[in-house]
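S.K.: Residue numbers (my numbering): 498 to 747.
One structure is given below, represented as structure tokens, and several questions about it will come after.
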Ligand code: IPE
Ligand code: IPE
Ligand code: MG
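This is the structure we're talking about:
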């Protein structure tokens, strides 16, 4: 074990057990707008502060040895928000990616994106491609950002791709099993989330990772996303460690 790894493990709070940590954490970062409203600020200020909360969570996951983090940044339904807010978010994603790329490369983060990326503004697509390319050989934490993501849309595009293969005679209908299906999802190659965290008290999935979360443990906190900090994450992990994951067995 290297000196650096020793330090990382020591950083794990004493009441968390390394061997029972989730391998993959997914998060629905909700409540930015309400956070801003409570401060008497415009909604966009909540999104700005939300970026800081995400950066802290990524660092925390990395320090504590969690292998993968997936964050829901923008849903296929979020296009229905006021144009001004949508434009702000697209510009914010682009700026944050540009600003954080060097740090992600240095910290050995491998960044991935899931969602219908072709529908995003060209400048954001370019920033996405650059960050994916420049971190593709990193073997530290896998950080996936769901952008213009919809679980139903993901399942539909997988069905279409599989149907085309069947039509071309490359695949037989009875060969379509869970493994084949998973390989056609955006998330192909990443294990399913063990733990889903949703902030702001909402108790719904909002079209997030519908296939992948069949057996994820769900943790909901009333804390609004910009206030979600290390302490809050520790609470979520402690709760997770008390769960009995039965997967349908006894
Ligand atoms: C989550 O916060 C961020 C995005 C969906 C982009 P919201 O913007 O949904 O905040 P609330 O739910 O309105 O408070
Ligand atoms: C889910 O939050 C999407 C993201 C966090 C990106 P929403 O705020 O859009 O979800 P609903 O509308 O409350 O279900
Ligand atoms: Mg919301």
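Note that CB positions come from ideal geometry on N, CA and C, so glycine has one too.
All figures in this text were calculated on a predicted structure; none of them were measured in a lab.
In this structure, how does DSSP classify residue 730 when only helix, strand and coil are distinguished?
M.R.: One-based indexing of the chain shown puts residue 730 at position 233. In the structure shown, residue 730 sits in a helix (DSSP, three-state: H, G or I).
S.K.: Where does residue 683 fall in DSSP's three states?
M.R.: Here the question's residue 683 lines up with position 186 in the chain shown. Three-state DSSP puts residue 683 in coil, outside helix and strand.
S.K.: What is the residue span of the alpha helix (DSSP H) that residue 590 lies within?
M.R.: Taking the chain shown and counting its residues from 1, one reaches residue 590 at position 93. Its alpha helix (DSSP H) spans residues 580 to 603.
S.K.: In whole angstroms, what is the alpha-carbon distance linking residue 654 and residue 683?
M.R.: On the chain shown, position 157 is the one that residue 654 refers to. On the chain shown, position 186 is the one that residue 683 refers to. Going by the C-alpha atoms only, they are around 9 Å apart.
S.K.: If you drop the 5 nearest sequence neighbours on each side, which residues of the same chain put their C-beta closer than 6 Å to that of residue 567?
M.R.: One-based indexing of the chain shown puts residue 567 at position 70. The residues are 523 and 641.
S.K.: Anyone know if the C-beta pair for residue 646 and residue 572 falls short of 8 Å?
M.R.: What you label residue 646 is simply residue 149 of the chain shown in a count that begins at 1. What you label residue 572 is simply residue 75 of the chain shown in a count that begins at 1. A contact, by the Cβ cut-off of 8 Å.
S.K.: Could you spell out where the alpha helix (DSSP H) holding residue 609 opens and where it closes?
M.R.: Numbered from its first residue, the chain shown carries residue 609 at position 112. Note, residue 609: premise wrong, no alpha helix (DSSP H); beta strand (DSSP E) at 607 to 611.
S.K.: Is the beta carbon of residue 621 less than 8 Å from the beta carbon of residue 587?
M.R.: Within the chain shown, residue 621 is the residue found at index 124, counting from 1. Within the chain shown, residue 587 is the residue found at index 90, counting from 1. Yes; because the gap between Cβ atoms is below 8 Å, this pair is in contact.
S.K.: Just how far apart, CA to CA, sit residue 676 and residue 534?
M.R.: One-based indexing of the chain shown puts residue 676 at position 179. One-based indexing of the chain shown puts residue 534 at position 37. Taking the straight line from one Cα to the other gives about 45 Å.
S.K.: Between the alpha carbons of residue 745 and residue 715, how many angstroms are there, rounded?
M.R.: To locate residue 745, count along the chain shown from 1; it is residue 248. To locate residue 715, count along the chain shown from 1; it is residue 218. Cα to Cα, the separation comes out at about 16 Å.
S.K.: In the DSSP assignment, what residue or residues form a beta bridge with residue 644?
M.R.: Position 147 of the chain shown holds residue 644. For residue 644, which the question treats as bridged, DSSP gives the partners 571.
S.K.: Is it true that the CB of residue 690 sits closer than 8 Å to the CB of residue 529?
M.R.: Within the chain shown, residue 529 is the residue found at index 32, counting from 1. Within the chain shown, residue 690 is the residue found at index 193, counting from 1. Cβ atoms of residue 529 and residue 690: not closer than 8 Å.
S.K.: Could you pull the start and end residues of the alpha helix (DSSP H) that residue 548 belongs to?
M.R.: Along the chain shown, read from residue 1 onward, the residue named residue 548 stands at position 51. Residues 540 to 560.
S.K.: CB residue 695 to CB residue 527, shorter than 8 Å?
M.R.: Locating residue 695 in the chain shown gives position 198, counting from the first residue. Locating residue 527 in the chain shown gives position 30, counting from the first residue. Yes.
S.K.: Pick out whichever of 615, 525 and 604 has its Cα sitting closest to the Cα of residue 559.
M.R.: Taking the chain shown and counting its residues from 1, the one referred to as residue 559 is at position 62. Ranking 615, 525 and 604 by Cα distance to residue 559 puts 604 first.
S.K.: The beta strand (DSSP E) that contains residue 693, what's its start and end?
M.R.: Looking up residue 693 in the chain shown gives position 196. Residue 693 -> beta strand (DSSP E) spans 692 to 695.
S.K.: Would you say residue 706 lies against chain C (beta-carbon separation less than 8 Å)?
M.R.: Included in the structure is just one protein chain, with no chain C present.
S.K.: To the nearest angstrom, report how far apart residue 509 and residue 561 are at their CA atoms.
M.R.: For this step, residue 509 is matched to residue 12 along the chain shown. For this step, residue 561 is matched to residue 64 along the chain shown. Their Cα atoms are separated by approximately 5 Å.
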